[in-house]
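In my numbering, the protein residues as written are -15 to 145.
Just so you know, even glycine gets a beta-carbon here, dropped at the ideal spot from N, CA and C.
Bear in mind the structure is a predicted one, so any value in this text is a computation, not a measurement.
Report on the structure given below.
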Amino acid sequence: MTEKKITTTYIECRIEELPSPIQALINAAKESVKNSYAPYSHFNVGAALQLNDGTVLTGNNQENASYPCGTCAERNVLNYARANYPRQAVTDLAIIAAEKGHYTKNPLPPCGLCRQALLETEQVQKQTLRLYLCGAEKVWVIPSAASLLPLQFDAEALHAE
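Structure representation (structure tokens):
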């Protein structure tokens, strides 16, 4: 029996410490929270991504009384980007959550489904995707989607021998 350890590294900072284009991306995610439809959980999430040509797209969570029909903000905007900008890579993604009209104090990581979608996006585009997980008081800068999902299920796993 062998014990192994998985670790990840990220940067914690204030929004003011980030470059102005990333601050603008975070502000776009904050604006997107306002259009979230979360009448059941009252947990609103906004996401904004930047494509390698500089285009910024936003998305937010959209709930449904039949919970499985809802869509997270991250997958919402990723799917839109892939459908409408298939030749553009996603370089950066900012995510922020609010509950009862207030941003969460600490950044919140994406759910498992979104982590998988982020990983696949990164693999398809053959380029890392930086994440900015935002809270009211701090931002976590994650260097790549793969770092959020260290034991990955991917296309290679489907063909494992």
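Distances from the alpha-carbon of G30 to those of Q107, Y(-6), T88 put T88 closest. Annotation for G30: the continuous beta strand (DSSP E) segment containing it runs 27 to 35. DSSP, read as helix, strand or coil, puts C118 in strand. Inter-residue distance for E83 and M(-15) is about 44 Å (C-alpha atoms, whole angstroms). L113 places its beta carbon less than 9 Å from that of A73.
If you check the CB distance, I(-1) and C118 come in under 9 Å.
Look at E58 here: in three-state DSSP terms it is helix.
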